[in-house]
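Under my numbering, think of the first position of the sequence shown as 13, with each following residue one higher. Heads up, the thing below is written out as structure tokens.
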Amino acid sequence: MSLTTSPFPPIADYAFLSNCHTGALVAPDGSVDWLCVPAFDSPSVFGNLLDRGAGSFRFGPYGINVPTARDYVPGTNVMTTTWHTPGGWLLVRDALTMGPRRGPDTVTPHTRPPTDDDGEHLLVRTVECLEGSVEIELVCEPAFDYGREPAEWTLVDGDGHAADATGAGSTIRLSTDLSIGIEQGSARARHVLTQGERAFCSLSWAEGLAAPADTDDAGARIDTTVRFWRSWLARARIPDHSLRHPVERAALTIKGLTYMPTGATVAALTTSLPETPGGERNWDYRYTWMRDSTFTLQALHFLLLDWEADEFMQFVADVEPTEDGSLQIMYGIDGRRDLTESTRDELSGYEGAHPVRIGNGAFDQRQNDVYGAVLDSLLLHTRRSRHLPRRLWPLVQSQAAGAIAAWRDPDQGIWEARGKPQHYVSSKLMCWVALDRAAKLAGIRGDDKLQASWHETAEEIRADILANGVSDRGVLRQHYDTDALDASTLLAPLFGFLPGSDERIRNTVDAISSELTENGFVLRYVTDETDDGLSGKEGTFLICSFWLVSALTMVGEMRRATDLMERLLRVASPLGLYAEEFEVDRARHLGNFPQAFSHLALIEAAGRIILADRLEEWSG
Numbered sequence: 013m014s015l016t017t018s019p020f021p022p023i024a025d026y027a028f029l030s031n032c033h034t035g036a037l038v039a040p041d042g043s044v045d046w047l048c049v050p051a052f053d054s055p056s057v058f059g060n061l062l063d064r065g066a067g068s069f070r071f072g073p074y075g076i077n078v079p080t081a082r083d084y085v086p087g088t089n090v091m092t093t094t095w096h097t098p099g100g101w102l103l104v105r106d107a108l109t110m111g112p113r114r115g116p117d118t119v120t121p122h123t124r125p126p127t128d129d130d131g132e133h134l135l136v137r138t139v140e141c142l143e144g145s146v147e148i149e150l151v152c153e154p155a156f157d158y159g160r161e162p163a164e165w166t167l168v169d170g171d172g173h174a175a176d177a178t179g180a181g182s183t184i185r186l187s188t189d190l191s192i193g194i195e196q197g198s199a200r201a202r203h204v205l206t207q208g209e210r211a212f213c214s215l216s217w218a219e220g221l222a223a224p225a226d227t228d229d230a231g232a233r234i235d236t237t238v239r240f241w242r243s244w245l246a247r248a249r250i251p252d253h254s255l256r257h258p259v260e261r262a263a264l265t266i267k268g269l270t271y272m273p274t275g276a277t278v279a280a281l282t283t284s285l286p287e288t289p290g291g292e293r294n295w296d297y298r299y300t301w302m303r304d305s306t307f308t309l310q311a312l313h314f315l316l317l318d319w320e321a322d323e324f325m326q327f328v329a330d331v332e333p334t335e336d337g338s339l340q341i342m343y344g345i346d347g348r349r350d351l352t353e354s355t356r357d358e359l360s361g362y363e364g365a366h367p368v369r370i371g372n373g374a375f376d377q378r379q380n381d382v383y384g385a386v387l388d389s390l391l392l393h394t395r396r397s398r399h400l401p402r403r404l405w406p407l408v409q410s411q412a413a414g415a416i417a418a419w420r421d422p423d424q425g426i427w428e429a430r431g432k433p434q435h436y437v438s439s440k441l442m443c444w445v446a447l448d449r450a451a452k453l454a455g456i457r458g459d460d461k462l463q464a465s466w467h468e469t470a471e472e473i474r475a476d477i478l479a480n481g482v483s484d485r486g487v488l489r490q491h492y493d494t495d496a497l498d499a500s501t502l503l504a505p506l507f508g509f510l511p512g513s514d515e516r517i518r519n520t521v522d523a524i525s526s527e528l529t530e531n532g533f534v535l536r537y538v539t540d541e542t543d544d545g546l547s548g549k550e551g552t553f554l555i556c557s558f559w560l561v562s563a564l565t566m567v568g569e570m571r572r573a574t575d576l577m578e579r580l581l582r583v584a585s586p587l588g589l590y591a592e593e594f595e596v597d598r599a600r601h602l603g604n605f606p607q608a609f610s611h612l613a614l615i616e617a618a619g620r621i622i623l624a625d626r627l628e629e630w631s632g
């Protein structure tokens, strides 16, 4: 399907809204094409992202679909869209609103300590005519349970300014100062605004379906949300540097992908956006991966966002281990273990990409990197807080024991390959990380015996990797039975397995840079050389490209690092966001969006460049 004929907007053209409970994607034409309520992993009520009949909610000028400008209110996740029509100019503001906490949250109950502000469970949209006169339209067409059930509408006030949509056991309320008309499964309104006039609409799934009282109230709620995001961002330490703005946007995106009730972070807002156009590499990413934990903690601590780091660490401490004491590779944002995968075959999929998946069948895979991710996170957090909570020490012991038991075994690897288990180098590396960090934590605790034992095992793993995981040309392999390259071996210098000055690290970085790239952007691996159980070619992986930036800084190649960083910044979405992949041939984003891993790796890469620049300034 060509770009000129596809009814689906490019993935990168979507705007991301969040209230730290759920998120929305807004298309350039003003249509909300993705929203799950009340939480990130709830069934969608607007699912046009995956099927053009699965629900949408447009608010904008009638008959005009291409906006003049779209941008975030600086320092926020609040969107503004400016429209030029034949009759005048229009400004629309969109937000999933935040407000002062008013007692317990009964919609998405919290397990973490309450904060001063919380999500209001409201999508609020305001419009103002800046000049001339403009006819606006509201078209709200929910389709509950991923498009399976059209809405049944009921007007709930005498003057037609509020209506409830019900389906699949859920009810949401549309409120507006426009007059609503019901047409089967949709609620519609049209009105002409003249210069200076304003209007609003909102969608509520709050307790009692509470909604703004009028346009002033709606505007005030968006203003409060602007202040919330700016106040939050003001707590972050972001140096005055040319990379400041992309780091700020990445930080706001990571915060927006955080589930405030438990402290979990979703890997992405969406499910089943394709990694291969029209193909089967479509996954549900609305869950928390343990491997993300260390990258999340690194980014949050780099930004001095210690509260969020502690919340996430407490979530990790709360999750239920498996029967052998290990942690699953992923959990639901509420901590649930069962993420059984199913498909929605009635949905067309984004640009025909099948199947659409709900749940993730990889949740019970054996992936030995999970131990290292968890223990590196614990060490990062302990060093930052200068305190190892008593409740976390059993987690250190269980994950160290798990790594000791598993490190010799093959697994599915960091990329969750659905082919034959292999002795993946990245998995062995993360088992080394697990025992190295466990030994350091034991030292902090003052347990010399455990420190010595765990350090000895870490050195045994290191020796095994260097004996079996390095090819004849001195490059880290994908796994022990191949000479194929894998971008995950870039983690070796990032986790301190070997120094950047080591010839094997330099060889690996150079090989990946020259042989595992398309126009300079990094592939995870060559799909023809890897048994991942799937068909079709992938795009380049943005996280791997950012890892290469970080690795280049560690081997002293600062010019190459900054050149690649500049190229990566140039391919950001129009709003500064990143999906999972970048398809070089057609210069477009692929995969779930926005992708937490991509933004976390951006923050790390930027941090290393900023640090190198500062050190050069100080030494000069």
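Each residue gets a CB set at the ideal place from its N, CA and C atoms; glycine is no exception. None of the values given here were measured: they were computed from a predicted structure.
Proximity of the region 598 to 616 to the region 305 to 318 meets the contact definition, three or more beta-carbon pairs being nearer than 8 Å.
By the criterion of at least three beta-carbon pairs nearer than 8 Å, the region 350 to 358 is in contact with the region 369 to 383.
Judged by DSSP secondary structure, Tyr383 falls within the alpha helix (DSSP H) whose first and last residues are Val382 to Ser397.
By the criterion of at least three beta-carbon pairs nearer than 8 Å, the region 152 to 167 is not in contact with the region 131 to 142.
DSSP places Arg70 inside the beta strand (DSSP E), whose first and last residues are Ser68 to Pro73. The continuous stretches of alpha helix (DSSP H) do not include Tyr84, which lies in the beta strand (DSSP E) extending over residues Ala81 to Tyr84. The beta carbons of Pro606 and Leu589 sit about 5 Å from each other, so the pair counts as a contact at 8 Å.
Annotation for Ile194: the continuous beta strand (DSSP E) segment containing it runs Gly193 to Glu195. In the three-state reduction of the DSSP assignment, Cys32 falls in the coil class.
Per DSSP, reduced to three states, the secondary structure at Thr469 is helical. In its chain, beyond the 5 residues on either side, Ala418, Asp423, Ser439 and Cys443 have a beta carbon closer than 6 Å to the beta carbon of Asn380. From the listed residues Gly131, Phe71, Gly99 and Thr118, the smallest Cα separation to Arg105 is found for Phe71. For Thr552 against Phe594, the beta-carbon gap comes to about 5 Å, under 8 Å, which counts as contact. Judged by DSSP secondary structure, Trp559 falls within the alpha helix (DSSP H) whose first and last residues are Leu554 to Met566.
Nearest Cα to Thr188 within the set Glu195, Gly197 and Arg210: Arg210.
In this chain, the alpha helix (DSSP H) harbouring Met577 covers Met570 to Arg582. A Cβ-Cβ separation of about 15 Å leaves Gly344 out of contact with Arg124 under the 8 Å criterion. The residue from Gly568, Leu315 and Val204 with its alpha-carbon nearest to that of Thr97 is Val204.
According to the DSSP assignment, Thr94 belongs to the beta strand (DSSP E) that extends over Met91 to Thr97. By the Cβ neighbour-count rule, His435 is buried, with 16 or more other Cβ atoms within 10 Å of its own.
Within a 10 Å sphere around the beta-carbon of Val382 sit 16 or more other beta-carbons, which makes this residue buried. Bridge pairing for Thr283: Asp296 [DSSP]. Here Val78 is exposed: its Cβ has fewer than 16 other Cβ atoms, across all protein chains shown, within 10 Å. CA-to-CA, the gap between Ile416 and Thr282 works out to about 35 Å. Within the region 143 to 214, complete alpha helix (DSSP H) segments of at least 4 residues are found at 156 to 159, given in chain order.
Boundaries of the beta strand (DSSP E) harbouring Glu593: Glu593 to Glu595, taken from the DSSP string. Residue environment for Arg516: buried (at least 16 other C-beta atoms within 10 angstroms of its C-beta).
Per DSSP, Gly532 has no beta bridge partner at all. Ranked by how close their Cα comes to the Cα of Pro73, the residues Gln326, Asp336, Asn60 and Thr93 have Thr93 in first place. For Val44, the uninterrupted beta strand (DSSP E) segment begins and ends at Ser43 to Cys48.
Ranked by Cα distance from Ala608, the first of Pro273, Pro286, Val278 and Arg403 is Val278. Under DSSP, Glu515 forms no beta bridge with any residue. Counting the other CB atoms within 10 Å of its CB gives Ser198 a total of 16 or more, which places it among the buried residues. Rounded to whole angstroms, the Cβ separation of Leu506 and Leu453 is 19 Å, and the two are not in contact under 8 Å. About 14 Å separates the Cβ atoms of Phe558 and Thr265, ruling out a contact at the 8 Å cut-off. Between Ser410 and Pro333, the gap from beta carbon to beta carbon is short of 8 Å.
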